[in-house]
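Residue numbers (my numbering), protein chains in the order written: chain S, 38 to 378; chain Z, 38 to 378. Idealized CB from N, CA, C, for every residue including glycine. Quick caveat, the model's predicted, so the values are computed rather than measured. Remarks on the structure that follows.
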DNA sequence: TTGAAAGCGCTAACAG
DNA sequence: CTGTTAGCGCTTTCAA
């Protein structure tokens with residue numbers, strides 16, 4: 038099957054390519070008759086505009102780049118889903134790239150996307166990203182960018198985030214309201230903002246409810262893995278046999294905690310209550326089911342794309358871009374690993 | 038920051054764009070001196086070739102399309118991961134699209150990708166896809182396509198698949214070898230090839246081990262969901278109180294089965310053994326842990342991309358393309374929901 | 001060793 | 001209402 042171009046249509050119809058181009062786009066200055074002729078021939082020849090030529094002319098590709106720290110991850114795959122759905126709806130394609138939580142590859146991916154003349158970038162900072170030169174540089178080049186989930190306050194651009202402090206506050210408060218008095222917290226590594234914020238939220242909830250903060254109740258799960266939860270639970274019980282609640286930074290950790298408690302025949306939630314974070318798929322199928330915080334990845338992906346889209350249009354129309362920080366609200370999902378209020 | 042083009046470099050250096058272009062690509066017919074001059078200016082000006090122009094000239098975008106039935110799914114996100122990694126390594130981008138298991142959107146996505154002049158397509162058929170005109174059409178247009186996972190034998194193109202029959206055979210045989218004599222099978226809906234093949238494998242294993250096939254032992258889980266497994270287990274026990282093994286079509290179903298059995302205080306694996314399919318993440322954290330079949334999505338994604346890449350190159354070089362069907366091997370992952378051999 | 005020129009396919013300002 | 005023309009930025013042939 039040979040290529041059908043404007044030129045071919047023009048020549049077989051004995052008109053100019055300009056006429057054909059305009060006719061197909063319903064320009065008002067083309068007669069109905071010509072439009073009909075052109076369109077019907079275009080259809081019968083199965084004409085498809087060459088997107089490269091269009092991009093070259095219009096300097097836009099209708100494609101954005103999405104950089105994900107880790108694709109195989111329930112929360113992030115929900116984000117991918119949200120982004121792609123929002124983008125598809127607006128006629129955009131999404132190129133997905135993985136930074137693997139590495140600073141180096143994050144830099145490289147951004148570089149690649151810029152070279153590709155992408156219309157905009159959606160990025161979640163890798164845990165290991167320490168400086169932001171690479172990002173500031175692309176902002177200077179007027180490439181629209183929106184940060185989602187893992188962000189940095191020192192970057193001046195639009196962002197979509199979860200209020201981790203508030204979410205952690207709510208999780209902890211929920212435990213308190215169901216009667217817990219001595220609540221351990223398994224947090225992630227020291228650096229990432231999300232772990233810090235969740236820790237702060239935990240602390241604040243205790244304070245507001247007049248429970249003295251005890252730093253020996255805070256444990257670090259380096260990988261926030263199932264094993265971390267499983268192993269730390271032993272230590273927690275050793276250190277504090279009278280513990281009655283655990284707020285874990287992720288559902289995975291919480292599941293490890295839960296498994297270990299069951300093995301030790303400690304009743305959940307009667308003796309120890311557990312609340313996780315993320316509302317992963319698996320929290321619905323543990324036994325008992327896991328109370329958690331819903332972290333709406335799909336919505337976040339949608340919002341992030343829509344924000345980016347707005348900026349792309351603003352820049353295209355030469356309007357001033359006003360950056361926006363959008364906060365997605367989270368909520369406690371009560372299940373059976375906590376007592377009822 | 039203004040755009041740096043070949044023209045700009047050429048004019049500031051007082052040479053032609055042709056020379057600049059060639060110098061940057063190390064053409065042998067350019068003097069070392071000019072090359073040095075050109076290259077150093079290009080670097081200091083931070084020159085990036087315009088990818089639209091390159092694509093237009095070369096008729097290739099170094100971008101492929103990946104159509105996934107469902108992004109938020111452990112197996113498929115592994116596939117995405119594999120594809121993206123393999124593609125990145127070869128300098129390709131991956132546009133990800135979701136068909137949502139709908140025939141209509143599958144058709145539309147393919148259409149969009151073709152219009153985008155993508156270099157090739159990776160596709161897993163949606164469950165609802167009934168005819169293959171849309172796919173045969175793109176094959177006729179010489180757009181390289183590789184089918185992965187859910188395929189159809191009546192489409193003539195390269196494919197990457199798992200031998201579901203063999204895998205299901207192995208799963209069932211494993212149950213038999215660990216002493217099971219009366220094995221139920223929870224299969225998926227009637228149409229998709231994968232469910233059919235898994236059913237066939239199940240049946241064959243029984244036959245080869247002289248266990249008469251009993252069709253009342255085959256149950257259908259319409260959605261292959263946790264709930265399906267949970268609910269069907271009641272029925273299975275009612276119908277066949279002496280059941281001693283269950284081969285579930287997915288780990289999710291198996292987890293439902295497992296939970297229900299535990300609730301009924303039926304010992305796993307002593308009284309009833311369970312084997313799932315896919316080696317989802319969750320199979321490692323149920324209690325008891327779930328024996329299953331490893332379905333290597335990552336590897337599948339890699340292989341699928343590499344196959345596509347080969348075809349892209351063959352077509353580019355005008356070579357004849359020989360389609361290839363690649364079978365990824367699976368294996369039984371023994372865990373604690375089955376007895377030891 | 002270098003450059004002029006054509007052209008990939010499309011769009012849009014302008015002229016007729 | 002239609003066509004001419006120029007050009008987006010790059011590559012490559014051919015001539016100098």
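Leaving aside the five residues before and after residue i along the sequence, list all residues of the same chain whose C-beta is less than 7 Å from its C-beta, in chain order.
i, result
"residue 217/Z", "281, 282 and 310"
"residue 83/S", "41"
"residue 119/Z", "334, 335, 336, 337, 338 and 339"
"residue 239/Z", "205, 209, 222 and 284"
"residue 169/S", "189, 191 and 192"
"residue 349/Z", "156, 157 and 181"
Is it the case that the Cβ atoms of residue i and residue j are separated by a distance below 8 Å?
i, j, result
"residue 189/Z", "residue 162/Z", "yes"
"residue 301/Z", "residue 274/Z", "yes"
"residue 220/S", "residue 209/S", "yes"
"residue 258/Z", "residue 243/Z", "no"
"residue 292/Z", "residue 256/Z", "no"
"residue 332/S", "residue 375/S", "no"
"residue 236/Z", "residue 246/Z", "no"
"residue 108/S", "residue 79/S", "no"
"residue 104/Z", "residue 148/Z", "no"
"residue 26/Z", "residue 290/Z", "Absent from the structure is residue 26/Z, since the part of chain Z shown begins at 38 and ends at 378."
"residue 156/Z", "residue 100/Z", "yes"
"residue 158/S", "residue 131/S", "no"
"residue 276/S", "residue 296/S", "no"
For residue i, return the contacting residues in chain Z, with the cut-off set at a CB-CB distance below 9 Å.
i, result
"residue 369/S", "Within chain Z, no residue comes near residue 369/S; the closest Cβ sits about 22 Å away, beyond 9 Å."
"residue 114/S", "108, 109, 110, 111, 113, 114 and 117"
"residue 42/S", "Within chain Z, no residue comes near residue 42/S; the closest Cβ sits about 12 Å away, beyond 9 Å."
Quick one: is residue i buried, meaning 16 or more other Cβ sit within 10 Å of its Cβ, or exposed?
i, result
"residue 286/Z", "buried"
"residue 328/S", "buried"
"residue 51/Z", "exposed"
"residue 153/S", "buried"
"residue 306/Z", "buried"
"residue 55/S", "exposed"
"residue 44/Z", "exposed"
"residue 150/Z", "buried"
"residue 322/S", "buried"
"residue 232/Z", "buried"
"residue 249/S", "exposed"
"residue 182/Z", "buried"
"residue 266/Z", "buried"
"residue 312/S", "buried"
"residue 365/S", "buried"
"residue 94/S", "exposed"
At a CB-CB cut-off below 7 Å, which residues of chain S make contact with residue i?
i, result
"residue 263/Z", "322"
Skipping 5 residues on each side, what residues in its chain have a beta carbon closer than 8 Å to that of residue i?
i, result
"residue 279/S", "219"
"residue 59/S", "66 and 67"
"residue 129/S", "99, 100, 101, 156, 342 and 346"
Return the chain-ordered list of same chain residues with a C-beta closer than 6 Å to the C-beta of residue i, the five sequence neighbours on each side being excluded.
i, result
"residue 373/S", "325 and 326"
"residue 234/S", "201 and 202"
"residue 342/S", "120, 123 and 124"
"residue 241/S", "206"
"residue 371/S", "328"
"residue 211/S", "369"
"residue 75/S", "57 and 60"
Can you pull the chain S neighbours of residue i, defined as C-beta to C-beta under 8 Å?
i, result
"residue 326/Z", "Here the premise fails: no neighbours, minimum Cβ distance about 10 Å."
"residue 298/Z", "Simply none; closest approach about 12 Å."
"residue 292/Z", "322"
"residue 319/Z", "318, 319 and 322"
Which bits of chain Z does residue i rub up against, with CB to CB less than 8 Å?
i, result
"residue 307/S", "Correct list: empty, because the minimum Cβ distance to chain Z is about 18 Å."
"residue 76/S", "Under the 8 Å cutoff, chain Z gives no residues; its nearest Cβ is about 17 Å from residue 76/S."
"residue 121/S", "108, 133, 134 and 135"
"residue 85/S", "151 and 152"
Could you list which residues in chain Z have their beta carbon closer than 7 Å to that of residue i, in chain order?
i, result
"residue 90/S", "93"
"residue 343/S", "Near residue 343/S there are no residues of chain Z at all, since even the closest Cβ is about 18 Å away, more than 7 Å."
Which bits of chain S does residue i rub up against, with CB to CB less than 9 Å?
i, result
"residue 131/Z", "132, 133 and 134"
Can you determine whether any heavy atom of the ligand HEM sits closer than 7 Å to the C-beta of residue i, and answer yes or no?
i, result
"residue 344/S", "Among the components of this structure there are no ligands whatsoever, and the ligand HEM is therefore not found."
Are three or more beta carbon pairs between the stretch 352-361 of chain S and the stretch 108-127 of chain S nearer than 8 Å? no
Any contact of the stretch 178-197 of chain Z with the stretch 361-372 of chain Z, i.e. 3+ C-beta pairs under 8 Å? yes
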